[in-house]
Amino acid sequence: MDLEALAGCLSSAACAVTQVSTGLIIGMLLFLVASGLSLIFGVLGVINFAHGAFYMLGAYLAFAAYGLTGNFVAAMLAGALGVAVFGAVFERVFISRIYGRDVLMQLLLCYGFVLILDDMVKIVWGADYKMMGMPQTFALPPVFVAGGPVPPYYIFMIGAAVAVGGLLWLGISRTRFGKLVRAAAHNPQMVGALGVNTKLLYASVFGIGSLLAGLAGALAAPVRSLTPGMGLSILIESFIVTVIGGMGSIVGAFVAALLIGLTRALGAIGFPLFVDGAMFVMMAMVLILRPSGLFGRQV
Amino acid sequence: MSANGLLRDLALAAAALALLLLVPAAFPNPALVDFIIYVAAYGLLAMSLNLLTGYTGLVSFGHAAYFAGGAYSFGLLMQSGAVSIPAAFALSVGFSALLALVIGAICVRLKEIYFAFLTLAFQMMFHSVILTWVSLTGGDQGLMGGIPRPVFWGIDLADAGSFYVFCVVVFLICVVILRQITQSPFGYTLRLIRDNPRRAEFLGIDVYRAKLTSFVLAGSVASVGGILLALFASGAYPEFAYWTMSGQAIFMIMLGGSQVFLGPLLGAVLLQGLNHYVTAFTEHHGLVLGVVIVAAVLGMRRGLADFVWDRRETRRERRAAEDASAAGTGAGSAPAGAAKEGGT
Amino acid sequence: MTDSNRILRRRDLLKSAGAVAGAAAVSSVLGAPSIARGQGKVIRVGMPTILSGRVAILGESSRDAARVAVERFNAAGGVNGREIELVVRDSRGQPDEAARVTRDLVNSEGCEIIIDAEASSGAFAVHEVISDLGVLCIHTCSETSALTADPELHVPTAFRAARQGIHDAVAGGGYAADLAKEKGLVRWMTCSPDYAYGRDNTAQFIEYLAIFAPEIEIVNQAWPKLFEPDYTAYVTRILQVEPDAIYSALWGGDLVSFLEQANLYRVFGSGRTFFSGGLADPPIVNALNQLPPDLHSVFRYDPEYPGGEGNRKFYADYTALSETQPTHWSWQNFTAVQFMTEALKRTGGNTDGAALAAEVKGMEVSSPFTESGTISMRADDHTIVGYPVAWGRSIPEPKGFGNWVRGDWGEILEKETEWKQRQGYL
Chain A
851 MDLEALAGCL
861 SSAACAVTQV
871 STGLIIGMLL
881 FLVASGLSLI
891 FGVLGVINFA
901 HGAFYMLGAY
911 LAFAAYGLTG
921 NFVAAMLAGA
931 LGVAVFGAVF
941 ERVFISRIYG
951 RDVLMQLLLC
961 YGFVLILDDM
971 VKIVWGADYK
981 MMGMPQTFAL
991 PPVFVAGGPV
1001 PPYYIFMIGA
1011 AVAVGGLLWL
1021 GISRTRFGKL
1031 VRAAAHNPQM
1041 VGALGVNTKL
1051 LYASVFGIGS
1061 LLAGLAGALA
1071 APVRSLTPGM
1081 GLSILIESFI
1091 VTVIGGMGSI
1101 VGAFVAALLI
1111 GLTRALGAIG
1121 FPLFVDGAMF
1131 VMMAMVLILR
1141 PSGLFGRQV
Chain B
860 MSANGLLRDL
870 ALAAAALALL
880 LLVPAAFPNP
890 ALVDFIIYVA
900 AYGLLAMSLN
910 LLTGYTGLVS
920 FGHAAYFAGG
930 AYSFGLLMQS
940 GAVSIPAAFA
950 LSVGFSALLA
960 LVIGAICVRL
970 KEIYFAFLTL
980 AFQMMFHSVI
990 LTWVSLTGGD
1000 QGLMGGIPRP
1010 VFWGIDLADA
1020 GSFYVFCVVV
1030 FLICVVILRQ
1040 ITQSPFGYTL
1050 RLIRDNPRRA
1060 EFLGIDVYRA
1070 KLTSFVLAGS
1080 VASVGGILLA
1090 LFASGAYPEF
1100 AYWTMSGQAI
1110 FMIMLGGSQV
1120 FLGPLLGAVL
1130 LQGLNHYVTA
1140 FTEHHGLVLG
1150 VVIVAAVLGM
1160 RRGLADFVWD
1170 RRETRRERRA
1180 AEDASAAGTG
1190 AGSAPAGAAK
1200 EGGT
Chain C
128 MTDSNRILRR
138 RDLLKSAGAV
148 AGAAAVSSVL
158 GAPSIARGQG
168 KVIRVGMPTI
178 LSGRVAILGE
188 SSRDAARVAV
198 ERFNAAGGVN
208 GREIELVVRD
218 SRGQPDEAAR
228 VTRDLVNSEG
238 CEIIIDAEAS
248 SGAFAVHEVI
258 SDLGVLCIHT
268 CSETSALTAD
278 PELHVPTAFR
288 AARQGIHDAV
298 AGGGYAADLA
308 KEKGLVRWMT
318 CSPDYAYGRD
328 NTAQFIEYLA
338 IFAPEIEIVN
348 QAWPKLFEPD
358 YTAYVTRILQ
368 VEPDAIYSAL
378 WGGDLVSFLE
388 QANLYRVFGS
398 GRTFFSGGLA
408 DPPIVNALNQ
418 LPPDLHSVFR
428 YDPEYPGGEG
438 NRKFYADYTA
448 LSETQPTHWS
458 WQNFTAVQFM
468 TEALKRTGGN
478 TDGAALAAEV
488 KGMEVSSPFT
498 ESGTISMRAD
508 DHTIVGYPVA
518 WGRSIPEPKG
528 FGNWVRGDWG
538 EILEKETEWK
548 QRQGYL
């Protein structure tokens, strides 16, 4: 424990900027993954255990597209849209067949896909460490904000995540589609009775949730090394975020992801050995005191 | 009923014991013996979890904490050299029961998915402690140096044959205990709580206490599985306490079936068997095992034992009502959205 | 069945598809895998390792290098006409699986020797099994010194053909101390993964650095967890602490992530010196988009060092059959097979664990990977000495390492003895 160092850091503007931006960098990728997980759970009631594998898939697809085209935008689109399509098809072909069954059956099905995807990635791309590479546009020296350096790519990454999160929130709270989604989360029979194509609705929700994971993977590909099985650690952290924020709440996922990001960033200075423990303690505290999460509907 | 049930269960257990003891003689293959021990350890983890999941309606994502608790406390006690195997065994189960009592007291207040995630959080904290407390647990290297097996009551567990008999006997005792619990009035109370907790409360049942008892019992039996695995691997490792271990237990239950008593055991046999043979067969075992799991889930939509049981029930009903048309029976496919559960 | 138990090459998809049906059928008959015991002709050698998940490259690069050595041995006629067949199994990094797989390899696959390519805790689990089974076992991937140094863990038939933390530390401490004096590097920081290997390796490096250059000062130590995907929090900490030099025991994909993320902040290149315990491994250098100049790393593997026909030939043979670049695990596994085959030749094909162990003890084999041309298995603690413990410097274009400075084995062994005494191992 070195809380003095932490206090010292927070009192200096440069250090505070670096650590807070670090929290944002970690938190925003986590937010993308967790909000997808949360959306799928909130609307479909499915705990998508394969969500980490979708993140991995997004990263590898971006890596492949970048290798083929050398175009960063193409890489991002390939990661996000590729996984979105995969997710929608996955819901239609597999998950939809076991609605109404034991929820844990879905977990088992997803586990099957984790095994398949991890192995497929290894078969297609090999077991070597992979790195997508930083596009020339972003290969610039860090920008200084109040004396604290922030790399341009991270500014872009945070911006992209916030923009996508904002769009998602607007889409769900302000559009007709969003109304249907919320209604479906609440009372699927009624939405079906109103003549809405619930199959399409479910597939789109699953697709959007997957898109978020794929986009997070694509955004991470230039800065994080790619290996088969890389989805495992982000999956567990996304669960923590989803639980703390409240399952099904996008705003909750945002706040909780920031919280976890800042805990990691500041913890690295103040309590490095207890960062992991702190995350689980937070999760337990929230569950005990407010089981539905900070922004979840009360049960 | 319980006396009769007990006698019948004991008779069945004796028959199973006789059968299992014949295995090494009939198939002189050490790998098969290893496999049975392995399945016994994982089977206890899955079956004890099903006492919570299948019978009480509590889905725990953190059950491996007690499995690891048993493995570590047993390993540490034996390495201390101060106690005999039976004493270490009893103390380890006691420790895990205590651990389950403390964690359970907090967790069982919560419902459904919240309960699941809270148990997960506690398990991961336990895992963190194992990793961090290096001086006691060896951290990520696990308990090094093996687990000594001094002779007790004339039994030498260093001998492979005796160890096999020991595992099988311990396993069957635990199975009989679990069976007795599920068939006892208490077991039916748990089912009532699972199906209709409010009704249980109206009937004057202390739901909290019943759930907690179930939680502690399940944790204790899981710790026995952990002890068996620690003896088999001659060490305890942090992986035992990782969330993927709890995940495996859930997958075994779902693969085997949660509504038939021996379903989770069948699941353990299936998952470990598949693992074992597919790994020996191809390097791409993830792909193969994944495809098998997906096919099983979509083909049966429930665990194997439940599937067989349901088929039998359906056939019996059909025979009983010959006049009814044969259409519309079997595993009906619920249309998406028409029947959906789990959303909160 | 026997045929399908051979190691399959990747992309053998058809075979795996067949295995779906096969495995389902087989699993219902929980009998013995149909391996005829005592085929007499081939000697089966089991290799438990990790072929899936984040460190799958460990298993792949171990297996492929072992295959190179085995194929050479077989091509040369084997021993008394008996060839070696390698049986590789994935433990998925689970120690209890590693134990079970190892037992299974010996008990039902008829393997008579084990090349253990497990990492970390898996190696300790295999070690326990070997003490039970008594077959010859050569560990090839665990660098934890205690595995062979601690007499309480000693197993008569178990050996280690892998580099070892304490050797690295002495050589690294000396090399870094020279540079510290030359360039005036006083303020040091460490950034290593938070697990046994990372902690031991870092502590020992610092210990010897301080012995050789007492004026240095450790200003900060960061401990990201193993397999941490994001190092930004640790990179920014480096910026705040502003050390003159950094030592890191990070390896593999973690090291790739760390360096790429550090590059974004321009951590290197402004006179800050980086010492790495794992950078000079071809797959890592390959994965990096840019390798900053003047990073220092301990030798892991280099097809050009030590120069010579043997090393180049190994590199060519390895890359011909593998889809990964060779790693330090590769040369270690190749070396393990060398010890094993030489012992088999000496026993005339007798695979008895004690008989083979007696031969391996103190054995010296010629090696394309060492400066001296030989490598030997120390008799008293069953671990290799004389392997390359050089330190070198990064070259950005073409990406690679050079300027190797050879470690002084005389000094390493002397310091190692003192260390063992301090640990109570002697």
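Those sequence lines, one after another, are chains A, B and C.
Letter by letter, the first sequence follows residues 851 to 1149 of the numbering used here.
Letter by letter, the second sequence follows residues 860 to 1203 of the numbering used here.
Letter by letter, the third sequence follows residues 128 to 553 of the numbering used here.
Ideal Cβ placement from N, Cα and C applies to all residues, glycine included.
- Secondary structure at Met1097(A): coil, using DSSP grouped into helix, strand and coil.
- Counting the other Cβ atoms within 10 Å of the Cβ of His1036(A) gives fewer than 16, which makes it exposed.
- Taking a C-beta distance under 9 Å as the contact criterion, Phe1022(B) and Ile896(B) qualify as a contact pair.
- Here the region 193-201 of chain C makes contact with the region 455-473 of chain C; the two share three or more CB pairs at distances below 8 Å.
- Per the DSSP secondary-structure output, Pro175(C) pairs in a beta bridge with Arg216(C).
- In the three-state reduction of the DSSP assignment, Tyr374(C) falls in the strand class.
- By DSSP's assignment, Met316(C) forms a beta bridge with Asn347(C) and Ile373(C).
- Around the C-beta of Val918(B), 16 or more other C-beta atoms lie within 10 Å, and the residue is accordingly described as buried.
- Residue environment analysis places Gly886(A) among the buried positions, since at least 16 neighbouring C-beta atoms fall within 10 angstroms of its C-beta.
- Of the residues Phe985(B), Ile944(B), Ala946(B) and Leu869(B), the one whose Cα lies closest to the Cα of Asp1126(A) is Phe985(B).
- Considering only Gly920(A), Met1097(A), Gly1028(A) and Leu1044(A), the residue with the shortest C-alpha distance to Gly1143(A) is Met1097(A).
- Contact fails between the region 1113-1124 of chain B and the region 1170-1177 of chain B, because fewer than three Cβ pairs, one in each stretch, are under 8 Å apart.
- Closest by C-alpha distance to Gly1001(B), out of Arg181(C), Val362(C), Gly529(C) and Glu255(C), is Glu255(C).
- Leu422(C) is bridged by DSSP to Phe401(C).
- The beta carbons of Glu344(C) and Arg314(C) sit about 6 Å from each other, so the pair counts as a contact at 8 Å.
- When the alpha-carbon of Ala925(A) is set against those of Gly1067(A), Leu1085(A) and Val943(A), the nearest one is in Gly1067(A).
- Secondary structure of Glu245(C) (DSSP, three-state): coil.
- Runs of the alpha helix (DSSP H) spanning 4 or more residues and lying entirely within the region 476-537 of chain C occur at 480-487, in chain order.
- About 10 Å separates the CB atoms of Thr1048(A) and Val1055(A); that is not less than 8 Å, and the two are not in contact.
- When secondary structure is reduced to three states using DSSP, Gly902(B) falls in the helix class.
- Between Leu865(B) and Cys1033(B), the alpha-carbon positions lie close to 13 Å from each other.
- Taking a Cβ-Cβ threshold of 9 Å, the residues of chain C close to Pro889(B) are Arg230, Asp231, Val233, Asn234 and Ser235, in chain order.
- Below the 7 Å Cβ cutoff, chain B contributes no neighbours of Pro992(A), its closest Cβ being approximately 33 Å away.
- Among the bridge pairs identified by DSSP, His901(A) is matched with none.
- Here Pro887(B) is exposed, its C-beta having fewer than 16 other C-beta atoms within 10 Å.
- The continuous alpha helix (DSSP H) containing Pro222(C) extends over residues Pro222 to Asn234.
- For the region 881-898 of chain A, residues whose beta-carbon sits nearer than 9 Å to a beta-carbon of chain B comprise Phe891, Gly892, Val893, Leu894, Gly895, Val896 and Ile897.
- Per DSSP, Arg1068(B) lies in no beta strand (DSSP E) segment; the continuous alpha helix (DSSP H) that holds it begins and ends at Val1066 to Ala1092.
- Between Leu965(A) and Gly1085(B), the CB-CB gap reaches or exceeds 9 Å.
- For Phe994(A), the three-state secondary structure derived from DSSP is strand.
- Under the DSSP assignment, Arg942(A) falls in the alpha helix (DSSP H) whose first and last residues are Phe922 to Val943.
- Boundaries for Arg439(C): no beta strand (DSSP E) harbours it, while the alpha helix (DSSP H) harbouring it runs Glu436 to Leu448, taken from the DSSP string.
- The region 863-879 of chain A and the region 356-372 of chain C touch, with no fewer than 3 CB-CB distances between them shorter than 8 Å.
- When the beta-carbon positions are compared, Thr915(B) and Leu1049(B) come within less than 9 Å of each other.
- Across the set Leu1017(A), Ala1063(A) and Gly1016(A), the C-alpha of Ala1063(A) shows the shortest separation from the C-alpha of Ile890(A).
- Neighbourhood of Val383(C) in chain A, by CB distance below 8 Å: Tyr979, Met981 and Ser1075, in chain order.
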